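Take our numbering: the final residue in the sequence shown is number 1108, and no numbers are missing along the way.
Glycine included, C-beta positions come from ideal geometry on N, C-alpha and C.
Predicted model only: the values in this text are computed from it and were never measured.
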Amino acid sequence: MKKQNKSLIILLLVLILISISSQKIYASNTNLFQKTEYSEEFKKWLELSDEEKENSIIPRMYEIENTKSVSKNPLNIARMLKASNSTRYSLKNIIPANLAIKNQQQTNSCWAFAALSSLETNLALSNYKSGNNLSKIYDFSERHMEYATSKTFNNNAENKIGYNRKVGSGGSFLFASSYLTNGSGAISESEMPFENNEDTIDISQIQNKTVSSQVYDTVAFPDYSKENDENKAKIMNQIKQHIQNYGSVQASIHGNSSSLSAYNCYNNDTGAKFCKNSIMHKIDHAVSIIGWDDNYSIDNFSENAKPTSNGAWIVRNSWGEKAENWKLSELKEEIFNTYKQQCISRGWNSAEEIPDEFIKQAGYTIENGNAYIKYGDNGIIYISYEDVNVSKEMFGIIKATDTVNYDCIYQYDEYFPAMQLTLNNPSMMLSNIFNKKSSGTEYLTQISLYAPETYTCKVYVNPNGTSRAKNDLQLVTLKAGESETVNAGYHTLEFSKPIEIKANSFAVVVEIQGSKNSLKLPLESKVSGVSAWDSVTVENGKCFVAIGNDLEKCEWIDLSKMTEQNSSLVNGDSTIKAFTTTELIDESLKSIEIATPPTKTSYFEGENFDKTGMVVKANYNSKTNPSTILDGSSYNITNGTNLKEGQTSVTITYKDKSVNQKITVEKNSVVGLKIKTPPTKTSYFEGQKFDKTGMVVEATYKDGTTKEISDYTIIDGNTLKANQKQVTISYGEKTITQDITVTPNALTEIKVTKAPNKTKYIVGQDFDKTGMVITGTYQDKSTQEILDYTIENGKNLTKGQTSITIKYEEKTTTQSITVEEKTITGISISKAPSKTQYIQNKESLDLTGGILKIKYNDNTSEEIELTSEKIKNSGFDNKKIGKNNITITYQSFTTTLEVEIISEQVAENSNLDKAICNINSAKFYTFSNKDIQEYAIIDVTINEITRNTKNDSCEYYYYLSSNQDESNIQNWVKINENQTDNEKLTFTINTKDMKNYSEIYDAQTVYIYIKEVAKKGGNQAVLMSKSIEMKANVLGEVYLDNVKINNSNSGNSNNSGTSNKDEDKTIAQNKLPHAGVRNIMIFVSIILVIGIIFYARYKNLSKYIK
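What follows is the structure in C-alpha cells.
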C-alpha cells in the first residue's frame, strides 16, 4: 500500500509540474499580445457626452495602414492607370438608373443609405461590365438595415444579433458591414419599404425576409489627409480606382452648421462643401462618393471656406433633390411670427411685406408660389479633396453578388470586430471549431475573415472533426491559389473545389502572414465606453489563436480566456466565418437538357435532323453559374443523318452527358401517280412488247413533293395479249393504267435465232439465257422476238446433257449445250482488304473487304470474301516492321497477300509543366461612350515549354481565369497565330473574344490556361496545362477613345491631366453669383436674418445631420 501511495504522489507531482509548465507557456504566449492603440479621433470621441455621441458618427477606432499588396492582374492595372489619368469621372454617366437621389427625410439613416449605395452601385457596375442585366435597378431596404442592427422591439422583444442601440441613434459602416456579411441582409426595398419614422415596431417585421445579395469583399481606405503628398496621391488613386471598378465609396462628413458664420463650409448655390475645422465641424453625416473632378474650381466653394486648390469628390447625398417645401405665403408668415421685432425693425410690418428677394437670399428657390431649398446640384454635392473630414471614414465594397451562394453560414462574430490586439510576431494562425447545423450533407465552399491590414492567408480544414493536428488538416486550394493576399477589409476566400463535411463538427484554420514584424488581430468583443457592443457574447472553446505558422509545435490559445492569463487583454471571437452548401457545388457538369426543342421534330425517312431553334442547356454543380446555353458547335448529334423509318429520337452529347430529342420518322411514301405524257406508241399486235418511249410518269409523295420517275414497273407489258385494253404502271405500292389496243395475231412457230452467250456448263449449274434470242413467226408471216418464254430442264444441269427446251404458247424449240465436270484452275486476290497497314505489336490481321477470285476450267470465275470460313490464312507477323506476305489457301490452291507492319502513329503532347507567361505589351481601350464596351489587347509569350515536333499538326487555345485550379473550362479561345518556335508560344489576347472578361477584370491575380490538340495520323491527344500566372511585368498603355493617355499618376497635387470626355452633366458649371451693389444696411440685415432662419431650419433638420 505504501509503495502504491508513493507512486500516486509522484504521478500527481508530475501532473502539477506539467500543468504549471503549460500555464507558463500559455501566459508567455499571451504576453506577446497587447491592445492596439485607438485612433486619436476615437479617443476624442470617447470623451464626448452620451448626447454628443448620439449626434455624431463613431469615428474609425484604429488607423488603417496603406496597402502593401500590389495587383498582378494586367487588366486591373490598366484600369488603375485609367482611373489615375482621368481628371473627371462620374458613375452617373455609367449607371444612371441606379443612382437616383434618395431622401432619408427625418430619419437618422444616412449611414444605411450610403452603405447600400455602395452595394447597389457595385452590383450595377458589375452588370455593366459584363453586359448582362443592364436595365436592372437595385434598391435595397435602408429601413431593414436600420432596424435589423438594433436591439429592442415592441413587447420587450430583442433582436439576438442586434447592436445595443436604438433605431434613429445613428450608425456607421461598421454596423452596415456586419449586417451585410452575417446573413441579415440586404433585402429588397419592396420587402420593407422606407417610412419617414423611427417608431418601435414588432420584431416580426424584420424577420423571414429574403436576403438577396452576398457581400464577398470590402475595403477600408487609409486617411489620406495624414499622409505626405506622395502617399496621399497613391491613396486618392486607390479610391478613384475603386469607384471606377467597384462602385461608390462611403464617406463621413460634417452635415450642416447652425449658422452662416465665417466657419460655414457649404455653398448651397453650387453644392460645394469644404470644412477645415474638425472641432467646429464634427463628422455627423454619411454620404456616397460616386466620382471626382480634379478641375472643380475653388471658386465654387463658399467665400468663407475655400480650399487651397481645385478638385472635389462628386457625392450622392441622401437628402433628396429638394427640401423645405413651403407655400411662399406660409414661409413668410413663419418668419414674421418667429422674428417679428427683427422684421419690424427692417420696415416689414406684415408677412406680406417681406420681399421675395430676401427669401431667395436665404437659400430658397421660388417657383409657382412655393419656396424650397435645393440640396446641392439636384441632390449631388461636391466635397473638396482637402475637406478635413471626408477622408477619415472611407469604405467600399469590392465584390458582391445579387444571389446568396451558400445554404448555411457558420460564425461567432455577428457583430463587427471592434477590438484589436497587436501581436509582436509576423505570423499567426486562427482557428474556429464549428458544430454542423444539420444531419444532411454539407459542402464547405468558402470562408471569410476580417483583415485590419494586409494579410496573406492559407486555409486548412479538418472535415472529419475538431482536431487541429497537422495530419488531420488538409490544405485548401483556393481559387486564387495556395494562398491569397488581402488588404484591410472583410474578405471571402473561395475554395477551388468544395470539401464535404463528414462529421458533426469541423475545424477551420487560417495561417496568416503579415507584411511587417507585427500583426493585428481583430476580435468581436465588448468595447469599453461604446454601448453598442454591449450585446456581444463570447463563445467558449470555439475560437483560438496560435503564434507563428508551425502546425506541429504551435500552442493554441482560447480567445475566450485571454484575460485569465493577461488582464490587460480582452476576450473575444475570431472573425472566421464558414459557408456551406447542401448540394455539391464544384462547377462540374451535372447534366444537359433541351431547354427549347427544335422547330422541326417530324421527319420522313432519309432526311437529316435539323437543329434549328433547338436550345441545349448545360447544368453545372454551381451556385454562381448553374447553367449555360451551349453553342451549337459545342455538342454532338448522334444518329441524326439519313433518318430511318420508325426512329424516335436523336442523341445530343456534350462531354460525358447526353440527352435525347424526340422525333418521329415516317416513310415518305408515294400517295399518287400521274401520266403527264402518254407513250408515243399505243397500238400493238398480239405478242408485241409495250414500248414506254415518250411516256412521262410523275409520283406525288406524302410530304407533298412531286418527282418524275423512270424506275417504275410495267405490269402485263412484255407480251401483249389479243384485245388487251391497258397496261399497268406500278411504283411505290401505287398504280396507274395506260390505255392501249392489241390486235390478235396467231403464233405458228418459235425458234432460236441467236444462240446464248454460254453453251458450255459445269455439272450443277443452271442454264443462262443471256444473249439468246427467241423469235416467233405469226400467221401473217410477221416475226417478233419472244421475251416471256419458259425454259424446261434448264435447272441443275447434268453430266452428258445436250440440250434444253424453250416453250411459248404450246410451241417449243431446243438449244444445244454441253455439260462437263467443273474444276478449279487457279486463285488470286481480286481486291485487297480495306486494311493493309498494321501497327507493330498492337493490331491483328483483318481481312474485311478483301475478295478472292477462283478461276475454273470453263474460263469462268467466282469471287468470295477473304473472311469466308472456306479460306485459310497463315504467316501474319506484327512484331517486325516492314512487308509481310500472308499465304491465302482455298482447297489445294494458294496465293499471297502483302501487308505492311508500321510503327504506331501516336499524337504526342508537348511539355508545358514549367511554362511561364510573359506579357510583352498590354493596351487597354476605354471609351467615353458607355455603350461601347472596353477591351484589352495583350501580347503574351508562353516560355519554358518543349513542343513536340513529331505530330502532323497542333492546335492551341487559351483561357483566362481568376481560379488557379480550373477543371471545367468551356469557353476556350482559339489561338490563330502560327506557332513555329519549339520552346514558346506567342500570340495576342483580345478580351473581346472572352466570355468571362468581367470576372477576371477585377481579380487580384489572373491565370492563363493553354490547351493543345496534337494530331497525327487519325489520332489526336489533348492536353490542358496547369494554371500559369500572368504577371504584369509591363506598365501597359491606356487609350481613351483611341487616344493614348499619358501616365501622370495624378492625385491632387497639380490638378492637371487629360480631360475626360465623360463629362458629368449633373455637375454645376456656374460660378458663385456676384453680389452686386446693395445698400450696406440691407445686406447686414439680410445676413443677420439669414443666420436666424438657417438656425431655425437646421434645428428642424436635426434629423438630417446623421
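Item                                                                                                                              : Value
Identity of the residue in Ser590, Ile853 and Asp718 nearest Ser969 by Cα                                                         : Ser590
Whole runs of the alpha helix (DSSP H) within the segment 983 to 1055, excluding any shorter than 4 residues                      : 999 to 1003
Close Cβ partners of Asp693 (< 6 Å) along its chain, the five nearest in sequence each way excluded                               : Lys683
Nearest-angstrom beta carbon gap, Leu475 and Asn464 [assumed within contact, 8 Å]                                                 : 5 Å
N-terminal and C-terminal residue of the alpha helix (DSSP H) that Cys112 is part of                                              : Cys112 to Ser132
Extent of the continuous alpha helix (DSSP H) run through Phe360                                                                  : Asp358 to Gln363
Contacts around Ser912, its chain only, beta-carbon distance under 8 Å, and the 5 residues preceding and following it disregarded : Ile947, Thr948, Arg949, Asn950, Cys956, Glu1014, Ala1016 and Leu1025
Three-state class that DSSP yields for Met238 in the structure shown                                                              : helix
Contact set for Glu900: own chain, Cβ-Cβ below 8 Å, skip 5 residues either direction                                              : Thr838, Lys885, Asn886, Asn887 and Ile888
Coil, strand or helix - Tyr298 by DSSP                                                                                            : coil
Cutoff 7 Å; reference Asn953; Cβ partners in own chain excluding five residues on either side                                     : Ala909, Glu910, Ala1016, Lys1017 and Lys1018
Complete runs of the alpha helix (DSSP H) confined to the segment 191 to 254 [at least 4 residues]                                : 231 to 248
N- and C-terminal bounds of the beta strand (DSSP E) containing Lys578                                                            : What sits at residue 578 in the sequence shown is Ile, not Lys. That residue, Ile578, is in no beta strand (DSSP E); it is neither H nor E in DSSP.
For Glu735 and Leu789, the rounded distance between their alpha carbons                                                           : 25 Å
Close beta carbons around Ala444, own chain, < 8 Å, minus the five adjacent residues each side                                    : The question names Ala, but residue 444 in the sequence shown is Glu. Contacts found: Asp409, Cys410, Lys438, Glu502, Ile503, Thr582, Thr583 and Thr584.
Inter-stretch contact at 8 Å, needing at least 3 Cβ pairs: the segment 348 to 360 / the segment 304 to 314                        : no
Per-residue DSSP class, three states only, for Ile826                                                                             : strand
Rounded straight-line distance, which links the Cα of Glu416 to that of Ser569                                                    : 25 Å
Beta-carbon proximity of Glu200 to Asn110, cut-off 9 Å                                                                            : yes
Touching by the beta-carbon criterion (3+ pairs, under 8 Å), the segment 120 to 135 and the segment 92 to 109                     : yes
Separation of Asp860 from Thr745, as counted between CA atoms                                                                     : 46 Å
Same chain, Cβ closer than 7 Å to Thr655, five either side skipped, listed in chain order                                         : Tyr637, Asn638 and Thr640
Any non-hydrogen atom of the ligand HEM within 8 Å of Cys345 CB                                                                   : Annotation note on the ligand HEM: not contained in the displayed structure, which lists no ligands.
One or two residues paired with Cys277 in a DSSP bridge                                                                           : Note: Cys277 sits in no beta bridge, so no partner.
Span separating the alpha-carbon of Lys334 from that of Asn269                                                                    : 23 Å
Under 9 Å between C-beta atoms of Glu67 and Ser143                                                                                : no
Own chain residues within Cβ distance below 8 Å of Lys723, not counting five before or after                                      : Glu688 and Val744
Cβ separation of Leu521 and Leu425, assumed to be a contact under 8 Å, to the nearest whole Å                                     : 5 Å
Beta-carbon gap between Met1032 and Ile921 smaller than 9 Å                                                                       : yes
Beta-carbon proximity of Tyr605 to Thr666, cut-off 9 Å                                                                            : yes
Euclidean distance between Cα positions of Glu822 and Lys760                                                                      : 13 Å
When Ala159, Asn158 and Thr154 are compared against Tyr165, the one with the closest alpha-carbon                                 : Thr154
Cβ pair count under 8 Å reaching 3, the segment 505 to 516 against the segment 979 to 997                                         : no
Candidates Thr458, Thr827 and Ser441, of which the one nearest Pro428 by Cα                                                       : Thr458
C-beta contact flag for Gln726 and Gln786 at 9 Å                                                                                  : no
DSSP-derived helix/strand/coil call for Asp536                                                                                    : helix
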